[in-house]
Structures are given as structure tokens and as C-alpha cells.
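I have placed the structure first, in the form of C-alpha cells, so that the comments after it can refer back to it.
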Amino acid sequence: MNRATFDQKIGFGLLYLSILLTLFFLGSVIYFIAARGAGIISWQFLTEAPRKAMTAGGVAPAIVGTFYLTIGAVLVAIIPGIACAIYLCEYSPKGVAMNLIRVSINNLAGVPSVVFGLFGLSVFCKYMGFGVSILAGALTLGLLILPGIISAAQEALIAVPQSLREASLALGATQWQTIRKIVLPAALPGILTGIILGVGRAAGETAPIMFTAATMYKRGYPTSVFSETMALPYHIYALMTEGTHPKAQTAIAFGCALILLVLVLLISAIAIYFRQKQRGASYGGR
Amino acid sequence: MVKENVLKWTFGTLAYTSLLALLAITIVLFQQGLPLFGRVNAWEFFTGIHWYPTHDEHPEYGILPIIIASLCTTAGAMLVCVPLGVGSALYLNEIATFRQRAFLKPVVELLASIPSIVFGFFGMVIVAPFLQKLLHIPVGLNLFTASLILGIMAIPTVCSLSEDALSFVPRSFREASYALGANRWQTLTQVVFPAAGSGISTAIILGMSRAIGETMTVLMVAGNAAIIPKSIFDPVRPMTSTIAAEMGEAVIGSTHYHALFAIGLILFVVTFVFNIAAEMISRRFRIKLGLGA
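What follows is the structure in C-alpha cells.
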């Protein structure tokens, strides 16, 4: 065996090792959460409120809270996000300014979520006076996922061939008719993927809601947008850092982590499936 | 025609509202963070080694240990996620069969969406006790464990983006190299990898940006002690977890409150610089490979 072949054997061996370690590490996260969380999940766990200082009972208020916060965040972000992308791609003049805006939006997508939490606390909770509430949390999470939704929608709109727009305009359609009947339907799968990924992110984030919306314990379900709420991700944190019965609380936290993991993975799987299908379609069309 | 204009204006208004809302984040951070320097000497803030913001008589606001903690955990995370992330990307691109790749690529993307609280919880309950027993160390929640978990968490991001960069390298590059008699490993390391190099650096920078801004994992796993670590098994407290742990109790308008915003501002600026760097490198990369800007 010559030197080059020997190097190749070693090199490929290292690459095998890295993919195996990657799958081992990430697989063990899922394995431990699933193995130790599965035992505690029951119908009661999903539908009852916590009892006995959070050492027994279920986590239904946290599940409902996460549901409200996520829906709220999407309601906040969806219309401005898509409108922003449509305006930037279809109406506004292209140029340096547009490029700058695109780059800033990309950058905001990378700003740490705890910074969004700080912003939400000072503006929504204090300055606007919403207090610690579902409204403040949903607005904060909505802002957090807004840049991602805008850039996904922008990418989807840019990917629509210019010839489609020109053909429609040449037939006498107005610009809005062209956007509504030609451009949006073609870009819809890409826009949807962006929104679904945003939903997954909003459901799993903890730092932005810990000072704006979440509370450790609340007996009933939230009654208005101004009430504070339990939420799955924050509940895991609270169970692990507060309270006096670590053993019982850890068991419940495993249950919460499993529910959250399954929820977020399912949502993201839908988005990735969509994206995979689009990729396939566009490769086939080339 | 009136309808057309109304719609254009509606879209414009919504677009500028969302852009303004995003701009407001930057403004509020500066507006709430900068007043700190009227009360605390900037030099003392950045180089002070004592962080006692709630001390009754002599509160001290030195964030050096906190900055060092962020740097160390991020550097440690890079040691884990760069070799494994880039290595896995090279595997997917070069060795994996078509079916393996079609399965593993989306799986890696899916794993990137696991919430950070899940990693933090896993690190706290499973990894920390395990390492504590294995290495005979006094506390399991420390710099080492935090770096490890952060690194594992960033692997999917680095891997997925690096693989994208590798798959942009035109097939003709490989074919030219094979035609010159190079084998697959030589082609991979001397042709494909350098061609994708700036794309891979972008992936690494974005992974780094994610690691330094990550909150829940370090809050739960790093041990939460604002001291300069003497060994990798000392507990630390990075910038993100300082904000998360103390924001709830800081009185509005107090020096402590502004200090936490100032830390948020530092985080914002650091991640902004990382993201701009990634953007610039990736643009050069696309031009180099003839993909257009």
C-alpha cells in the first residue's frame, strides 16, 4: 500500500469516527430524554394541573401556556413578516439600501434570544405596561421569529423566476394581480417552511419568556392575554432550580422535556419535509 | 389603480413597521445600557474582577470574570463542534452513499432544532453527574461540562452549513483533480476543502455566534459562579446566564439593571460582528465559485 492510499484510509477513518460520535452524542440526548420521560407520561400527566408543590399531578397548564404563546408569536409575526418580504422583493426599488436591509434582517436573526428577552421586559412589560403576561411574551417571541420569517419569505420570492412575472404583466395583469395569482402561489411552500420553523423555535425558547411571560406555578389556565402563564420550557428550568423535592421534580421535568422534544421535532420535521420536497422539485426542473 | 396604490402603501407601512420594531431593539439596548457608564467607570466595568451587584454598601460591577467565562465556554464548545461538525459534513459529502446522505442530511437539520433547554436539562441531569463520578471532580456543573454540551448543541448547525458549502463546489473541480491522478482523500483535502473553505469558515463563525449567545444551557450547566476559572473544572458564569439569572431581581433604573443591559449590549455587538463577518466571507465565497453574490 502506498503513502497516498494509507493517508486516505486514515483520513476516511477519522471522518467515520466524527459522524459516529456526532450521532452518538445527539442520539444519547434523545435516548435519555425518551427513556426516562416515557414512564411518567400518562393521560393524567397531560391533562391535570400540578399538585403537592409540583411533585405530583400533571403539566397541562404548561402545555396550554406554550400553545398560547406560540400561537400568539405567530399571529404577531406572520402578517408583518410576509408583507415586509413582499414589499422588499416586489415593490421597493432594488439597490444598496435594500441590500443593507437584507443584511440587517439576517443579523437580527442571529441576535441571542436573551437579548430579545431584555427588550421585551423593558418595552412590553414595563414601558407599555403589559406586565408579565401572555401578551408581552407573545410579542417578544414574535419579534424573535420575525427576522427568520422575513428572510425565508424573501428567499422564496426571489426564487420565483422573473419570466413568470413578466408573462403575467404582459397579459395585462396589474402588479397586485401578478403578486397574488402568480408570485405568491409559487413562493408559498418556501414561505410556509419559514413560518413552521418559526413556530418550532417559538415553542422551544426559554430565555425570551422567562422575564416576560412565564411563571413557575399557576393553578388554573390563563384567563386573558394579560395573565401570566406556565410554559413547558420554563417549567423544566423551574423544576430543576427551585422547590424542595429534587427527585420527584426531576421525574416530572423528564416528562416535560420529552413532550417539548417531541413537539418541536414534529413541527420541524414537517418544515424540513416541505423544504426537502421543494429542493427535489427544483433540482428536477433544471 | 387606486387599489394598487393602497396595497403598495399597506405593504410599505407593514414593512417599515417591522423594520422599525427590529431597529427598536438596537436603540433600546443602547438607551438602557449606556447610562451605566455615567455611574460606573468603563475601565472598572471591563477589567474589574468582582461582580457583586447586589451588595448593600459596596456593590461592584466588574465583568471580567463573566467575559472570560463566555470566551472560555465558547472556545471549548468550538473544540467539540468544529472537528465533529466539519468531519461529519465531509463524511456526508464524500463517503456517504446517496441514500445515507438523503437520510442523514435532513436528520442533522432536524437535530439543529432541539430546544436549548433540553440540552441544558440533559447536561444537568445526565452528563454532569456522570462526569463528576468518572473524573472524581468536586462539582459536575463546570466550564468543561458547559463547553461539552454547548459544543454538542452547535454540531448540527456547523455540520449542516458546512455540508451546504461543500455541495456548492462544482463537480468539475473534483473531476479535474481525479484526472491528474489524485485519489479521493487528496482531492478532498487539497481541492474540495480549500474551495469550500470560506463557506466552512462561515459555518464555524455562525456556530460560534450561536454558542456565545446561548443562554439556557450555560445557565443550567456552567455552575453559576462569577469567578475567573483556574482550571477547566471550575464553575463559571457567562454573560448570557448572568442576564438570565439576575434580570428578574434587578430593580428598574438601578445601576444593576443598566449593567445587565450593558452586558446585553456587548452580546449584541459581538454577535453582530460575527454575523457581518460570516456574511462578508460567504459573499466572497459565492463570487469565487461563480455562484453570483
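Residue numbers (my numbering), protein chains in the order written: chain D, 1 to 286; chain S, 1001 to 1293.
Ideal placement from N, C-alpha and C gives every residue a C-beta, glycine not left out.
Exercise for the section: Let me know the secondary structure DSSP gives GLY284/D once reduced to three states. Expected result: Confidence at GLY284/D is low in this model, with a pLDDT of 38, below 50, so its placement is unreliable and no value can be given for it.
Exercise for the section: Could you tell me whether the Cβ atoms of ALA1222/S and ARG1237/S are closer together than 8 Å? Expected result: The answer is yes: Cβ separation under 8 Å.
Exercise for the section: List the residues of chain D whose Cβ lies closer than 7 Å to the Cβ of ALA1021/S, in chain order. Expected result: By Cβ distance, chain D contributes LEU143.
Practice task
Have a look at the DSSP bridge pairing and note the partners of ARG51/D.
Solution key: Per DSSP, ALA56/D.
Practice task
Would you mind telling me which residues of chain S sit closer than 7 Å to PHE211/D, beta carbon to beta carbon, in chain order?
Solution key: Ordered by position in chain S, the residues that pass the 7 Å Cβ test against PHE211/D are MET1247 and GLY1248.
Exercise for the section: Let me know if SER1018/S comes out buried or exposed under the rule of 16 or more other beta-carbons within 10 Å of its beta-carbon. Expected result: With 16 or more other Cβ atoms within 10 Å, it is buried.
Practice task
Using a threshold of 8 Å, state whether the C-beta atoms of ILE209/D and LEU135/D are closer than that.
Solution key: Contact: no.
Practice task
Check the Cβ-Cβ distances between TYR283/D and every residue of chain S, and say whether any is below 8 Å.
Solution key: With a pLDDT of 44 at TYR283/D, under the threshold of 50, the predicted position of this residue should be treated as unreliable, and no value is reported.
Exercise for the section: Consider the Cβ of CYS89/D: report whether some Cβ of chain S lies at a distance smaller than 8 Å. Expected result: The beta-carbon of CYS89/D is placed no less than 8 Å from the nearest beta-carbon of chain S.
Practice task
Answer yes or no: do GLY1038/S and HIS1050/S have a C-beta to C-beta separation smaller than 8 Å?
Solution key: Not a contact, by the Cβ cut-off of 8 Å.
Exercise for the section: Step through the CB atoms of chain D and report whether any lies within less than 8 Å of the CB of ILE1276/S. Expected result: Cβ-Cβ to chain D under 8 Å: yes for ILE1276/S.
Exercise for the section: With DSSP collapsed to three states, give me the class of ALA1293/S. Expected result: Residue confidence for ALA1293/S is low, a pLDDT of 47 falling below 50, so the modelled location carries little weight; the figure read from the coordinates is stated next. In the structure shown, the three-state DSSP call for ALA1293/S is coil.
Problem - Reference CYS89/D; option with closest CA among GLY57/D, VAL264/D, LEU143/D and ARG165/D - result: Considering only GLY57/D, VAL264/D, LEU143/D and ARG165/D, the residue with the shortest C-alpha distance to CYS89/D is ARG165/D.
Handout entry: Cross-chain neighbours of TYR1091/S in chain D, by beta carbon under 7 Å
Key = LEU15, TYR16, SER18 and ILE19, listed in chain order.
Handout entry: C-beta neighbour in chain S for ARG286/D, strict 8 Å
Key = Per-residue confidence for ARG286/D stands at a pLDDT of 32, beneath the threshold of 50, marking its modelled position as unreliable; no derived number is given.
Practice task
Give, in chain order, every unbroken run of the beta strand (DSSP E) that is at least 3 residues long and sits entirely within the stretch 152 to 221 of chain D.
Solution key: Within the stretch 152 to 221 of chain D, no complete beta strand (DSSP E) run reaches 3 residues.
Exercise for the section: Select from the stretch 110 to 137 of chain D all residues with a C-beta closer than 8 Å to any C-beta belonging to chain S, and list them in chain order. Expected result: Listed by position along the chain: GLY110, VAL111, PRO112, SER113, VAL114, VAL115, PHE116, GLY117, LEU118, PHE119, LEU121, SER122, VAL123 and LYS126.
Handout entry: Test: LEU1034/S CB closer than 8 Å to a CB of chain D
Key = Not an interface residue.
Problem - Exposure label - GLY95/D; buried when at least 16 CB within 10 Å - result: Counting Cβ neighbours within 10 Å, GLY95/D comes out exposed, since fewer than 16 surround it.
Exercise for the section: Could you check if LEU1265/S is buried or exposed, using at least 16 other CB atoms within 10 Å of its CB as the buried criterion? Expected result: So LEU1265/S ends up on the buried side.
Problem - Per DSSP, cross-strand counterpart(s) of TYR68/D - result: DSSP lists no partner for TYR68/D.
Practice task
Just mark SER1116/S as buried or exposed, buried being the case when its beta carbon has 16 or more other beta carbons within 10 Å.
Solution key: Burial is judged here by how many other beta carbons sit within 10 angstroms of a residue's own beta carbon; SER1116/S has at least 16 and is buried.
Exercise for the section: Taking ILE1227/S as the reference, give the member of GLY1213/S, LEU1079/S, MET1216/S and THR1242/S with the closest Cα. Expected result: Proximity to ILE1227/S across GLY1213/S, LEU1079/S, MET1216/S and THR1242/S peaks at THR1242/S, based on C-alpha coordinates.
Handout entry: Under the three-state DSSP convention, the category VAL132/D falls into
Key = Three-state DSSP puts VAL132/D in coil, outside helix and strand.
Exercise for the section: State the start and end residues of the unbroken alpha helix (DSSP H) segment that holds HIS235/D. Expected result: According to the DSSP assignment, HIS235/D belongs to the alpha helix (DSSP H) that extends over 232 to 241.
Problem - Residues of its chain near PRO1059/S, where Cβ-Cβ distance is below 8 Å and the 5 sequence neighbours each way are ignored - result: The beta carbon of PRO1059/S lies closer than 8 Å to those of TYR1052, PRO1053, THR1255 and HIS1256 in the same chain, with the five residues before and after it left out.
Problem - Cutoff 8 Å: GLY1012/S Cβ touching any chain D Cβ - result: So yes, GLY1012/S belongs to the interface.
Exercise for the section: Tell me whether THR223/D sits in a helix, a strand or coil according to DSSP, three-state version. Expected result: Note: THR223/D maps to coil in three-state DSSP.
Practice task
Could you run through the stretch 209 to 239 of chain D and flag, in chain order, every residue whose CB is less than 7 Å away from some CB of chain S?
Solution key: For the stretch 209 to 239 of chain D, which is checked against every Cβ of chain S, the residues closer than 7 Å are MET210, PHE211, PRO233, ILE236 and TYR237.
Handout entry: As assigned by DSSP and simplified to three states, the class of GLY1213/S
Key = In the three-state scheme derived from DSSP, where H, G and I count as helix and E and B as strand, GLY1213/S is classed as helix.
Exercise for the section: With 8 Å as the threshold, decide whether the Cβ of LEU317/D is near any Cβ in chain S. Expected result: Outside the displayed span of chain D (1 to 286) sits residue 317/D, for which this structure offers no information.
Problem - Cα-Cα separation, THR1034/S to THR223/D - result: The sequence shown places Leu at residue 1034/S, not Thr. Roughly 38 Å between the two C-alpha positions.
Practice task
List the residues that DSSP assigns as beta-bridge partners of GLY1223/S.
Solution key: BP columns for GLY1223/S point to VAL1236/S.
Problem - Nearest candidate by alpha-carbon position, reference VAL262/D, set ILE101/D, ALA34/D and TYR87/D - result: Comparing alpha-carbon positions, the option among ILE101/D, ALA34/D and TYR87/D lying closest to VAL262/D turns out to be ALA34/D.
Exercise for the section: Give the range of the alpha helix (DSSP H) segment to which THR244/D is assigned. Expected result: Element bounds for THR244/D: n/a, residue is neither H nor E.
Exercise for the section: Please name the residue in VAL59/D, ALA156/D, ILE41/D and THR55/D whose C-alpha comes closest to that of GLU48/D. Expected result: The candidate whose alpha carbon is nearest that of GLU48/D is VAL59/D.
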